[in-house]
Amino acid sequence: MPQTRVKTLNAGEGRVGGYLVIWGSAAQRDLQGEYFTTKTELGLDWYPYRPVLYHHGLDGKLKAAVIGRIDTLRADEIGLWAEAQLDLRHRYAQAVRRLIDRGIINWSSGSLPHLVEVAEDGRVKRWPIIEGSLTPTPAEPRHTDVQ
C-alpha cells in the first residue's frame, strides 16, 4: 500500500510530501460532512505552483505568510499527492518543520468560496486548489498527517 502519511522527503533540505486531498465517499466524509472523489475538479492545470501556508493563514503571527511552495501534485487511487519545498530562510518555516518532525501537523487544501461547488449530498464537485496548508486541525484527518 502506498505511503499515506506526510513525511520529510529529504532530511535537512526542507522537502515534504504527502496527501493534500483524500478521496472519500458518502460513507467516508471529512469533518465538514463533505467528500472528494476522483471526479472533483481541482484546477490542477491552473498554476504550476501553489503556496504553502500555515493553518490557511489564520494564525495570528504568521497570517498569510508563504512558508514554501507546492511543486508537485499527482492524483492516484488514494487521493492527491503533494510535494513541497519549504523556504528554510523564512523564520517560521523552521518552527513549522519542528512541528512536522513531532508528527502534529497535517496537510489541508484551500480554495476560494466563490469557486467551490458542493452537491447536496456533500460531494465536492469543484474545489480549485489555491493553497496547501500545514495545520494541526485539518478538515480531513484521514492520512493527511505530516511527520
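Each residue of the sequence shown is one higher than the one before, starting from 2 at the first, in the working numbering. Where a beta carbon is used, it is the ideal one built from N, C-alpha and C, also for glycine.
Please name the residue or residues paired with residue i in a DSSP beta bridge.
i	result
W108	L135
E42	R127
V119	V125
L87	G69
Q29	S26
With 16 as the cutoff for other CB atoms within 10 Å, does residue i come out buried or exposed?
i	result
Q86	buried
V17	buried
V110	It is Ser, not Val, that sits at residue 110 in the sequence shown. So S110 counts as buried.
A94	buried
Y50	exposed
L113	exposed
How far does the beta strand (DSSP E) with residue i in it extend, from its first residue to its last?
i	result
I79	Segment: none, I79 is in no beta strand (DSSP E) and carries neither H nor E.
Y50	No beta strand (DSSP E) holds Y50; DSSP gives it neither H nor E.
V22	16 to 23
Please report the straight-line C-alpha distance between residue i and residue j, rounded to a whole angstrom.
i	j	result
W47	H115	16 Å
V119	R103	34 Å
L45	L10	22 Å
P141	G133	Looking at the sequence itself, residue 141 is Glu, so the reference to Pro does not match. Going by the C-alpha atoms only, they are around 13 Å apart.
E84	Y20	9 Å
E121	D60	31 Å
Hey, quick one: how far does the alpha helix (DSSP H) through residue i stretch, first residue to last?
i	result
V97	94 to 102
Using a C-beta cutoff of 8 Å, does residue i count as contacting chain D?
i	result
N107	No chain D is present in this structure, which holds just one protein chain.
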